[in-house]
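Undergrad:
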DNA sequence: TAAACTAACTAACGAAAAGTAACTATGTTA
DNA sequence: TAACATAGTTACTTTTCGTTAGTTAGTTTA
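Laid out in structure tokens, this is it:
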């Protein structure tokens with residue numbers, strides 16, 4: 001692999017966001033702490049990859065994983081750390097950009113607005 | 001593939017940015033129109049993928065491709081369209097986020113600042 | 001005039017990552 | 001005890017990536 005003249009921090013950041021699903025997972029977690037199955041249900045990602053991505057994100061420090069042994073079948077909750085939360089403006093920025101610029105096939109109704117949560 | 005409850009526009013946007021190199025290519029193009037070989041030199045991406053990504057980005061409307069037949073050996077310049085330029089705040093946002101939060105191995109000096117161009 | 005060079009790609013191929021489905025461990029409800 | 005749910009993991013196939021080599025077209029060099 002070649003060397004680039006870019007800032008290595010930026011490059012690393014883009015490398016993370018430039019992995020499939022990472023952005024969507026973080027975005028979904030902006031809604032608040034969520035369990036594995038909730039994320040799996042909300043996103044079009046398979047359990048295998050979701051598990052993998054969450055592990056990566058935890059390792060990188062964007063996501064916190066907490067296991068609750070008290071309740072019924074063990075419950076695992078994922079939430080954003082400070083570092084993850086700091087991504088909010090970026091994610092919202094992508095959302096606005098998409099709202100403004102992306103045109104979908106005319107067949108889909110495809111309209112949504114979550115900017116007011 | 002499952003169905004998600006996310007806004008399809010946002011999902012599509014993330015799908016684009018969530019492809020390897022896309023973000024870096026756009027970021028590099030913020031510097032101004034550039035030729036194929038310049039991009040290839042500036043980024044750690046191979047010619048094959050650069051070509052593929054540029055084609056995608058052109059198709060999606062973020063990048064404009066212009067061929068100059070006047071000068072020496074044919075010259076091809078890539079530049080951002082309005083849609084591509086509109087990504088600037090997002091890309092700069094990722095940059096700031098990375099500057100603030102990403103920690104690299106202590107061996108790399110890894111410090112840079114392009115926020116003032 | 002032909003060999004070598006440059007820019008901008010494209011093709012082929014092995015390697016890595018993603019998608020899908022089935023399976024596991026643990027506990028719960030019928 | 002059988003069927004169900006959560007939170008994964010394993011095994012297998014398909015897709016995407018990365019590398020190297022080759023192509024097209026015009027340019028300089030000898």
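Residue numbers (UniProt numbering), protein chains in the order written: chain A, 1 to 117; chain B, 1 to 117. For glycine and all other residues, C-beta sits at the position ideal for the given N, C-alpha and C.
1. Can you list, in chain order, the residues of its chain with a C-beta nearer than 6 Å to that of residue 92/B? Leave out the 5 residues immediately preceding and following it.
2. Over the uninterrupted alpha helix (DSSP H) stretch that includes residue 51/A, give me the two end residues.
3. Report buried or exposed for residue 18/A, applying the criterion of at least 16 other Cβ atoms within 10 angstroms of its Cβ.
4. Put residue 31/B into one of helix, strand or coil per three-state DSSP.
5. So is residue 90/A buried or exposed if we call it buried at 16+ other beta carbons inside 10 Å?
6. Do residue 87/A and residue 61/A come within 7 Å of each other at the CB atom, strictly closer than that value?
7. Name, please, each residue of chain B whose Cβ falls closer than 7 Å to the Cβ of residue 19/A.
8. Apart from the five residues just before and just after residue 52/B, which ones in its own chain have a Cβ nearer than 6 Å to its Cβ?
9. Say the cut is 6 Å; is the CB of residue 21/A nearer than that to a heavy atom of the ligand NAP?
10. Return the chain-ordered list of same chain residues with a C-beta closer than 8 Å to the C-beta of residue 50/B, the five sequence neighbours on each side being excluded.
11. Going by DSSP, name the residue or residues bridged to residue 77/A.
TA: According to the data block:
1. none
2. 47 to 60
3. buried
4. coil
5. buried
6. no
7. 18
8. none
9. Absence of the ligand NAP from the depicted structure is noted, as is the absence of any ligand whatsoever, leaving it without description.
10. 21, 25, 36, 39, 40 and 43
11. 35/A and 66/A
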